[in-house]
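A short write-up of the structure that comes next.
There are 2 protein chains.
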Amino acid sequence: MTSAQYDVLGIGNALFDILVRTDDSFLAAHGMTKGAMALIDEAQAAAIYKDMGPATEVSGGSAANTIVGVAALGARAAYVGKIKNDQIGGLYAHDIRAANVTFTTATAQSGPATGCSYILVSPDGERTMNTYLGAAQDLSANDIDPEQIAASSIVYLEGYLWDPKDAKDAFVKASSIAHQNKRTVALTLSDAFCVGRYRDEFIGLMRNKTVDLIFANEGELQSLYNTSDFDAALAQLRNDVGLAVVTRSEKGCVVASKDSVVAVPAFPVDEVVDTTGAGDLFAAGFLFGLVRNVGHEQAGRLGALAAAEVIQHIGARPQVSLKALAQKHGLPV
Amino acid sequence: MTSAQYDVLGIGNALFDILVRTDDSFLAAHGMTKGAMALIDEAQAAAIYKDMGPATEVSGGSAANTIVGVAALGARAAYVGKIKNDQIGGLYAHDIRAANVTFTTATAQSGPATGCSYILVSPDGERTMNTYLGAAQDLSANDIDPEQIAASSIVYLEGYLWDPKDAKDAFVKASSIAHQNKRTVALTLSDAFCVGRYRDEFIGLMRNKTVDLIFANEGELQSLYNTSDFDAALAQLRNDVGLAVVTRSEKGCVVASKDSVVAVPAFPVDEVVDTTGAGDLFAAGFLFGLVRNVGHEQAGRLGALAAAEVIQHIGARPQVSLKALAQKHGLPV
Numbered sequence: 044m045t046s047a048q049y050d051v052l053g054i055g056n057a058l059f060d061i062l063v064r065t066d067d068s069f070l071a072a073h074g075m076t077k078g079a080m081a082l083i084d085e086a087q088a089a090a091i092y093k094d095m096g097p098a099t100e101v102s103g104g105s106a107a108n109t110i111v112g113v114a115a116l117g118a119r120a121a122y123v124g125k126i127k128n129d130q131i132g133g134l135y136a137h138d139i140r141a142a143n144v145t146f147t148t149a150t151a152q153s154g155p156a157t158g159c160s161y162i163l164v165s166p167d168g169e170r171t172m173n174t175y176l177g178a179a180q181d182l183s184a185n186d187i188d189p190e191q192i193a194a195s196s197i198v199y200l201e202g203y204l205w206d207p208k209d210a211k212d213a214f215v216k217a218s219s220i221a222h223q224n225k226r227t228v229a230l231t232l233s234d235a236f237c238v239g240r241y242r243d244e245f246i247g248l249m250r251n252k253t254v255d256l257i258f259a260n261e262g263e264l265q266s267l268y269n270t271s272d273f274d275a276a277l278a279q280l281r282n283d284v285g286l287a288v289v290t291r292s293e294k295g296c297v298v299a300s301k302d303s304v305v306a307v308p309a310f311p312v313d314e315v316v317d318t319t320g321a322g323d324l325f326a327a328g329f330l331f332g333l334v335r336n337v338g339h340e341q342a343g344r345l346g347a348l349a350a351a352e353v354i355q356h357i358g359a360r361p362q363v364s365l366k367a368l369a370q371k372h373g374l375p376v
Numbered sequence: 044m045t046s047a048q049y050d051v052l053g054i055g056n057a058l059f060d061i062l063v064r065t066d067d068s069f070l071a072a073h074g075m076t077k078g079a080m081a082l083i084d085e086a087q088a089a090a091i092y093k094d095m096g097p098a099t100e101v102s103g104g105s106a107a108n109t110i111v112g113v114a115a116l117g118a119r120a121a122y123v124g125k126i127k128n129d130q131i132g133g134l135y136a137h138d139i140r141a142a143n144v145t146f147t148t149a150t151a152q153s154g155p156a157t158g159c160s161y162i163l164v165s166p167d168g169e170r171t172m173n174t175y176l177g178a179a180q181d182l183s184a185n186d187i188d189p190e191q192i193a194a195s196s197i198v199y200l201e202g203y204l205w206d207p208k209d210a211k212d213a214f215v216k217a218s219s220i221a222h223q224n225k226r227t228v229a230l231t232l233s234d235a236f237c238v239g240r241y242r243d244e245f246i247g248l249m250r251n252k253t254v255d256l257i258f259a260n261e262g263e264l265q266s267l268y269n270t271s272d273f274d275a276a277l278a279q280l281r282n283d284v285g286l287a288v289v290t291r292s293e294k295g296c297v298v299a300s301k302d303s304v305v306a307v308p309a310f311p312v313d314e315v316v317d318t319t320g321a322g323d324l325f326a327a328g329f330l331f332g333l334v335r336n337v338g339h340e341q342a343g344r345l346g347a348l349a350a351a352e353v354i355q356h357i358g359a360r361p362q363v364s365l366k367a368l369a370q371k372h373g374l375p376v
């Protein structure tokens with residue numbers, strides 16, 4: 044194993060977030076499932092947007108948010124995702140590069156527009172996402188640069204990549220190259236409904252060692268094993284994968300390996316404004332901790348801290364220096 | 044005078060705001076004057092944006108922000124401003140219409156892109172704006188619909204309109220139609236440097252009765268009369284225009300007419316996050332008060348409340364119901 048150029052490389056659907064505060068009645072009127080991510084086509088996107096209130100825009104995309112968080116903590120980070128050469132793609136590329144993330148994926152010159160997620164933020168802070176994949180639909184194995192993957196200590200993949208038609212090929216290719224180079228491959232299960240769509244494949248990825256580390260929240264874990272029994276599901280997860288981190292909202296998280304289970308509390312927050320990116324930023328903190336070899340408990344605390352920052356404002360990208368924030372709270376950066 | 048279809052109609056430069064938190068060293072390194080609005084061309088915009096950190100986008104434009112605030116308080120509002128039929132123009136048009144503002148200005152089908160303001164927000168909350176006018180450059184007298192102007196109780200204009208080449212013609216045409224229909228014409232002086240560019244013309248607009256009501260902050264007032272003596276400048280202003288409102292940041296505002304001067308305190312805020320839109324939203328509250336005939340002091344309080352809301356978050360558009368906020372504080376809406 045040669046020394047790595049990047050601490051963490053993320054692969055995901057590159058999405059520009061269009062966020063609006065709304066009442067739950069809006070979700071009901073539009074048949075949306077609160078807290079979930081639904082895939083929509085261009086016509087549905089236009090219809091939803093037409094009904095939405097005045098918005099705020101912030102670059103997003105699950106794995107991209109995580110990678111920006113990793114960089115904000117001070118690690119070397121890279122991202123692979125597909126945008127188009129349109130105005131929104133320009134904003135997107137600016138934001139991720141301005142966050143000190145290497146982003147060299149070829150920009151689509153034709154085809155669908157840069158993808159957008161239309162996000163409704165409820166009064167309690169919960170977010171409901173409606174995603175038009177757009178250009179992200181066309182991410183393929185050709186977008187995976189073997190040298191870049193080989194040079195990354197951890198490759199981080201989002202379960203949402205199972206939705207576009209060719210991205211799973213990119214996913215498997217990246218994992219294969221990473222493992223040839225003795226790197227770690229991490230996967231977030233992304234969304235309980237996403238798990239419902241690809242349950243058997245996700246379990247297969249763990250059992251055939253395509254992934255080494257799983258991030259999930261309680262809902263995703265329960266969906267994965269079709270059970271509402273948290274402990275039973277966690278036991279199965281520990282049997283299927285070497286390392287797993289399960290987030291439990293205000294109850295904190297559990298870091299589970301073959302030989303230990305460590306519970307880490309959530310970080311206190313004044314007010315939950317918008318939960319968009321909570322899981323993504325938790326993963327950022329935890330991955331950063333892994334990279335710095337601080338142990339599972341401290342890694343969990345870094346995750347909890349980064350998640351707490353991002354849920355106290357609109358949008359899924361950190362608004363303050365996560366590095367300075369971690370230092371302020373005595374966490375290792 | 045026939046009954047009005049709109050309580051307030053605003054005319055201004057339609058601009059999409061790209062906001063970034065930064066340190067004052069960024070301003071110094073780029074030769075920016077903290078707190079000011081500088082006009083930039085496309086190449087300068089690209090250079091500044093390249094150096095800026097990850098951003099948040101919110102629709103903006105001074106008069107547009109005011110009009111959105113007027114609508115958020117519950118009045119009938121319309122806006123005239125020029126965007127292009129590009130992606131950012133699409134976001135802009137959505138946001139203003141979703142705010143219950145009538146917006147029917149013809150969209151440019153060719154020429155420069157929808158205008159953007161690159162806004163640096165300092166740690167103390169002060170904002171420094173770099174504006175690429177883009178499509179706003181092409182607002183002209185043809186964009187003024189005489190029937191719409193005639194049907195608006197108050198026509199509100201921004202001093203920034205003096206920057207694009209033909210917008211002042213639109214400005215004068217709108218004022219003329221408004222006065223023919225016994226409507227009120229209000230002008231905000233916009234920016235101390237803008238006043239510096241057009242001092243004599245702005246004074247002329249007051250003295251020849253093109254405008255009836257002036258909004259200014261202390262810096263603009265002092266620039267207008269080339270004096271640092273606030274009382275002397277205010278005396279001159281009272282002599283030049285029938286009604287004037289001068290905002291003084293945390294010192295509140297002064298409402299000055301021929302026969303009275305009323306001071307109104309600022310509204311207390313927990314933390315100043317971003318002053319972008321403070322003056323715009325103050326004007327919104329005051330204009331709403333005028334429309335509702337609540338008297339100058341209550342109008343000033345409504346202005347102070349709306350300004351306080353907008354400076355406690357990123358972006359110049361209200362994030363909560365201003366109507367509910369005013370009700371909560373016992374103000375007339």
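Residue numbers (the numbering used here), protein chains in the order written: chain G, 44 to 376; chain E, 44 to 376. Here a beta-carbon is modelled for each residue, glycine too, at the ideal position from N, C-alpha and C. On a predicted model such as this, the values are computed, not experimentally measured, just so you know.
Starting from residue 336/E, trace the alpha helix (DSSP H) in both directions and tell me its first and last residue.
From DSSP, residue 336/E is part of no alpha helix (DSSP H); its letter is neither H nor E.
Where residue 92/G meets chain E, residues with beta-carbon distance less than 8 Å
For residue 92/G, the chain E residues whose C-beta falls within less than 8 Å of its own C-beta are 137, listed in chain order.
Using 8 Å for Cβ pairs, my map puts residue 115/E next to residue 151/E. What's the rounded Cβ distance?
About 27 Å; that fails the 8 Å criterion.
Euclidean distance between Cα positions of residue 183/G and residue 209/G
The alpha-carbon atoms of residue 183/G and residue 209/G are separated by roughly 5 Å.
DSSP state of residue 246/E mapped onto helix, strand, coil
Secondary structure of residue 246/E (DSSP, three-state): helix.
Rounded C-alpha distance that separates residue 23/E from residue 53/E:
Chain E is shown only over 44 to 376; residue 23/E falls outside these bounds and no answer can be derived.
Closer than 8 Å is the cut-off here; do at least three beta carbon pairs connect the region 203-218 of chain E with the region 53-69 of chain E?
Cβ pair count under 8 Å is three or more, so yes.
Are any of the Cβ atoms in chain E nearer than 8 Å to that of residue 80/G?
Answer no: the Cβ-Cβ gap between residue 80/G and chain E never drops below 8 Å.
Which residue spans inside the region 168-254 of chain G form an unbroken alpha helix (DSSP H) run of at least 4?
Entirely contained in the region 168-254 of chain G, the alpha helix (DSSP H) runs reaching 4 residues are, in chain order, 189-193, 210-223 and 235-250.
Could you pull out every residue in the same chain whose Cβ sits closer than 6 Å to the Cβ of residue 99/E, ignoring the five residues on either side in sequence?
If we look at residue 99/E and ignore the five residues flanking it on each side, its Cβ neighbours are 62 and 357.
So residue 158/G packs on residue 174/G, CB below 8 Å; how close in whole Å?
Yes, residue 158/G and residue 174/G are in contact; Cβ-Cβ is about 7 Å, under 8 Å.
Is the shortest distance between the beta-carbon of residue 226/G and the beta-carbons of chain E less than 8 Å?
Answer no: the Cβ-Cβ gap between residue 226/G and chain E never drops below 8 Å.
Got a sec: is the Cβ-Cβ distance from residue 167/G to anything in chain E below 8 Å?
Not a single C-beta of chain E is nearer than 8 Å to the C-beta of residue 167/G.
Out of 103/G, 128/G, 118/G and 139/G, state which residue places its alpha-carbon closest to the alpha-carbon of residue 93/E.
Of 103/G, 128/G, 118/G and 139/G, the residue nearest in Cα terms is 139/G.
Decide if residue 149/E is buried, meaning its Cβ has at least 16 other Cβ atoms within 10 Å, or exposed.
With a threshold of 16 other beta carbon atoms within 10 Å, residue 149/E falls short and is exposed.
Any C-beta of chain E under 8 Å from that of residue 85/G
No, its Cβ sits nowhere closer than 8 Å to a Cβ of chain E.
Starting from the Cα of residue 205/G, find the closest Cα among 233/G, 359/G, 111/G and 298/G and give me that residue.
The alpha carbon of residue 205/G has as its nearest neighbour, out of 233/G, 359/G, 111/G and 298/G, the alpha carbon of 233/G.
Do you know how far the Cα of residue 129/G is from the Cα of residue 146/G?
If you take the alpha carbons of residue 146/G and residue 129/G, they lie about 16 Å apart.
Strictly below 9 Å CB to CB, what residues from chain E border residue 64/G?
Within chain E, the residues whose beta carbon sits less than 9 Å from that of residue 64/G are 362 and 363, listed in sequence order.
Proximal chain E residues relative to residue 334/G, where beta-carbon distance stays under 7 Å
The contacting residues do not exist; residue 334/G stays about 21 Å from chain E at best.
For the pair the region 243-255 of chain G and the region 271-289 of chain G, tell me if three or more CB-CB distances fall below 8 Å.
By the Cβ rule, the region 243-255 of chain G counts as touching the region 271-289 of chain G, because three or more pairs are nearer than 8 Å.
If we call anything under 8 Å between Cβ atoms a contact, is residue 296/G one with residue 351/G?
No, these two residues do not count as a Cβ contact at 8 Å.
Exposure of residue 361/G, with buried meaning 16 or more beta-carbon neighbours within 10 Å
Under this definition residue 361/G is a buried residue.
Complete runs of the beta strand (DSSP E) confined to the region 256-317 of chain G [at least 3 residues]
Within the region 256-317 of chain G, the complete beta strand (DSSP E) runs of at least 3 residues fall at 256-260, 286-290, 296-300 and 304-307.
CA nearest to the CA of residue 111/G, picked from 292/G, 50/G and 307/G
Relative to the Cα of residue 111/G, the nearest Cα in the group 292/G, 50/G and 307/G belongs to 50/G.
Is there a C-beta anywhere in chain E that falls below 8 Å from the one on residue 134/G?
Taking a beta-carbon distance threshold of 8 Å, residue 134/G counts as an interface residue toward chain E.
Mind reading off the beta-carbon distance from residue 171/G to residue 79/G? Whole number of angstroms is fine, and I expect it under 8 Å.
Right, their Cβ atoms sit about 6 Å apart.
Helix, strand or coil for residue 157/G per DSSP?
Coil, per DSSP.
When the Cα atoms are used, what is the spatial distance from residue 123/E to residue 120/G?
Each residue's Cα considered, the two are about 44 Å apart.
Alpha-carbon to alpha-carbon, residue 343/G and residue 180/E:
Straight-line Cα distance between these residues: approximately 52 Å.
Can you tell me whether DSSP reads residue 132/E as helix, strand or coil?
In this structure, residue 132/E counts as helix in the three-state DSSP scheme.
Beta-carbon of residue 191/G versus every beta-carbon of chain E: anything under 8 Å?
The beta carbon of residue 191/G sits no closer than 8 Å to any beta carbon of chain E.
C-beta neighbour in chain B for residue 172/E, strict 8 Å:
This model lacks chain B altogether, as its protein chains are G and E.
If residue 194/E sits next to residue 306/E, beta carbons under 8 Å apart, how far is it from one beta carbon to the other, in whole angstroms?
Contact check for residue 194/E and residue 306/E: beta-carbon distance about 35 Å, past the 8 Å limit, so the pair fails to qualify.
For a contact defined as C-beta to C-beta under 8 Å, what are the partners of residue 100/E on chain G?
The contacting residues are 99, 100, 101 and 134.
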